[in-house]
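What follows is one structure encoded as structure tokens, with my remarks underneath.
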Amino acid sequence: MKNKIFLITLFMVISISVNAQQSSDSLREGRYCKVVLYNGYQAEGTVTQRGNDTIEFKTDIVQLSIPVKDIKFVMNPEFDISDLEEIDTLDYNKIPIVEAKIDTTDECDLYMSDRSVMKDVLLIVDSDSTIVVVKEKRSKIVNIAGIRKIVFKASAPFGKGYLAGSVVGFFIGFIPLALSRGGGHPDFGGFGAGVLLGLVCSIPTGLIGGVIGVLTAYDDTYLFENGIYPAKIKRIHHAMNKHY
5 MKNKIFLITL FMVISISVNA QQSSDSLREG RYCKVVLYNG YQAEGTVTQR
55 GNDTIEFKTD IVQLSIPVKD IKFVMNPEFD ISDLEEIDTL DYNKIPIVEA
105 KIDTTDECDL YMSDRSVMKD VLLIVDSDST IVVVKEKRSK IVNIAGIRKI
155 VFKASAPFGK GYLAGSVVGF FIGFIPLALS RGGGHPDFGG FGAGVLLGLV
205 CSIPTGLIGG VIGVLTAYDD TYLFENGIYP AKIKRIHHAM NKHY
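Following the working numbering, the numbering of the sequence shown begins with 5 at its first residue and continues without gaps.
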């Protein structure tokens, strides 16, 4: 009888210990939560599978495989990353403001090996095998192996051309008069007259430069073979760095 009571008590203690351990696991299967990675990426979804080194995490958009070592925070969906930042309690008049800054590329079009196209998206470096695609505050992790083409569109070609043309026109009008000693009748020369003529000349040359900028603008296109290999990874990262 005593042995039976002892076994029942031991079984209850083990059951309570196991349940407590499961409830304390922040990455337990079935939990709906928000995860924040060390690289700044964060997503909200459900833990569908818990492994020793990796979790399967399902969002509204995509199913992710996330290494446990890359996870910085696990929190309830109603909390924000700013809620975890430390605040200086020694000076109540000073509240530190933490701004999370993630570098994104210029807008581009992403062409995949399955013939799908992602238009007007921003890119973020994620790892050696993946990048993060962002559009309208929604993000998705994309495997580099499936990328076939990236097209960065020329940005503001008229404005850049106008600026270059107006600078050239200004100096064309400014230098001759600024270096002139004046004299004659009427006396029109010197620094002030050079500035005035430079501004007048900058308008038509700026318009000409803007038109030339539009006509000569071209998309920055990168083509890749299917699959993943070191040269492809290096070239994609180079293209992204070029358009930050």
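For every residue, glycine included, the Cβ atom is placed at its ideal position computed from N, Cα and C.
| Within this structure, are the beta carbons of Cys-112 and Ile-148 separated by less than 8 angstroms? | no
### Task
For the alpha helix (DSSP H) holding Lys-238, just list the boundary residues, first then last.
234-246
Thinking C-beta only, is Ala-47 closer than 8 angstroms to Leu-31? no
Going by DSSP in three states, Ile-212 sits in which element: helix, strand or coil? helix
### Task
Could you tell me whether the segment 215-232 touches the segment 158-170, where touching means 3 or more Cβ pairs closer than 8 angstroms?
yes
- Excluding the five sequence neighbours on either side, which residues of its own chain have a C-beta within less than 7 angstroms of the C-beta of Lys-123, listed in chain order? Asp-113
What does Tyr-115 pair with, by DSSP beta-bridge criteria?
Val-121, Lys-153
Sort Val-78, Asp-118, Glu-33, Glu-82 by Cα distance to Glu-60 and report the nearest one.
Glu-33
List the endpoints of the continuous beta strand (DSSP E) containing Val-69. Strictly speaking, residue 69 in this sequence is Ser, with Val absent from that position. Its beta strand (DSSP E) spans residues 67-71.
| query | Can you list, in chain order, the residues of its chain whose CB lies under 6 angstroms from that of Ile-212, leaving out five sequence neighbours each side? | reply | Gly-169
Query - From Asn-245, Ala-243, His-242, Tyr-45, residue whose alpha carbon lies closest to that of Arg-142 - result: Tyr-45
Residue closest to Gln-53, alpha-carbon to alpha-carbon, out of Ile-70, Asp-64, Tyr-42
Ile-70
Tell whether a beta-carbon distance below 8 angstroms holds between Val-72 and Thr-50. no
Query - Pick from Ser-117, Thr-109, Ile-176 that is closest to Ala-243, judged by C-alpha positions - result: Thr-109
Original post:
Any idea what DSSP makes of Ala-47, helix, strand or coil?
Top reply: strand
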